[in-house]
Amino acid sequence: MTWTQRLRRLWEPAAELLHGGQLLAEGVLSGVRPLRTDADSLMGVTVPADFPASEHVRLNDRVGPHQPTQPAIYSEYAGGWNGVVYRFCECAQNDEAFRTWFSRGGHSPIPDNRYRQETHLFFFFVAGLAALESFSYMAHALGALVDLGQFPMTTADEKRGVNPRKTAERFGSSVYKAELLAVRLNAVVSSTEFKDWSEIRNILAHRVSPPRHFYLGGPQDGTADWMHLGALGPAVTQDRRRWLKDQLAELVPAAADFARAHL
């Protein structure tokens, strides 16, 4: 063993410990719980417990062998598959971070805390909707792997045209309209929750950082309304994360079953 190898054996555990301590410190200061590296976990990181990891793996185990024969479409599928994981992780992290900062400052915090709350609200709604958009893109690519004629996805314009409603429409008007995946997709895009989340994301991403409306006296005394969602508090993100988790818990297995049946 060379001196370099010996030094590396001594240094690497210390570096890992230092890195872990740095991540922990950053998590305490920022309110964002860090994802830890785990070679045995999905995507090499510890995903939140409420993500349907085993079903997501089952889906990819079925689709993966088709990469050599359809590399271009598979690349689109794989990018969407990655996006579902990363965006849900980001959504979950910002849910927890918002609740952390709200617990420290409430609905009328000092400016630094207010900035952090608003930032985590922004990324929560952007990432959460992106998780569903990534899933719909992945599902469309899955359809293209099965039947490119009904799920066109080769030109830049065709790829840009893919969105949750378009994917649901194409499944709903195809020979696969009776498939559970088609039913689940349609249920999501038709839901009030999806429409509300889309509207909130669009307002935050393209228009304003909305003000808070404070109540003094009356039944809402001591609360603040944000985006007309009622009293601002942990439930704003926590309840919506739970809804997103429930949708993915139905969508991902449906996609895996579709792949098993047609690939």
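In this note's numbering, each residue carries its 1-based index in the sequence shown increased by 1304. No residue lacks a Cβ here, since even glycine has one placed at the ideal position from N, Cα and C.
Per-residue DSSP class, three states only, for residue i
i	result
D1461	helix
D1529	strand
V1349	strand
F1518	strand
A1434	helix
A1535	strand
P1557	helix
Q1542	helix
L1449	helix
H1370	helix
Q1524	coil
D1365	helix
A1565	helix
S1407	helix
P1338	coil
D1354	coil
I1377	helix
P1415	helix
Pairwise C-alpha distance: residue j and residue i
i	j	result
S1412	A1539	16 angstroms
V1361	M1442	14 angstroms
D1461	K1470	13 angstroms
D1525	H1517	11 angstroms
Q1326	P1338	Residue confidence is low: Q1326 scores 43 on pLDDT, short of 50, so the model does not pin down where it sits. No coordinate-derived value is stated.
L1446	R1418	42 angstroms
L1346	A1553	16 angstroms
A1491	P1557	15 angstroms
Q1371	D1561	19 angstroms
W1385	W1405	31 angstroms
D1354	K1549	6 angstroms
T1459	A1382	17 angstroms
H1510	D1416	23 angstroms
L1363	L1520	52 angstroms
R1261	A1559	The chain is shown only over 1305 to 1567; residue 1261 falls outside these bounds and no answer can be derived.
P1369	H1532	48 angstroms
R1420	E1400	12 angstroms
V1466	Y1378	15 angstroms
I1414	E1503	28 angstroms
C-beta atoms of residue i and residue j nearer than 8 angstroms
i	j	result
R1488	L1436	no
L1508	F1429	yes
A1535	T1527	yes
E1571	K1463	Any answer about residue 1571 is impossible in this case: the structure gives the chain only from 1305 up to 1567.
C1393	G1432	no
R1564	R1366	yes
R1544	W1501	yes
V1388	F1439	yes
L1391	A1357	One detail in the question is off: residue 1391 reads as Arg in this sequence, not Leu. Not in contact: R1391 and A1357 (Cβ atoms no closer than 8 angstroms).
V1493	P1514	no
V1336	Q1374	no
Problem set entry | Any 3 or more C-beta pairs closer than 8 angstroms across the segment 1402-1412 and the segment 1477-1497 | no
Exercise. Quick one: any contact between the segment 1450-1459 and the segment 1418-1427, if contact means 3 or more CB pairs under 8 angstroms?
Worked result: no
Exercise. Which runs of the alpha helix (DSSP H) fall wholly inside the segment 1453-1510 and span at least 4 residues, in chain order?
Worked result: 1460-1464, 1468-1476, 1484-1494 and 1496-1510
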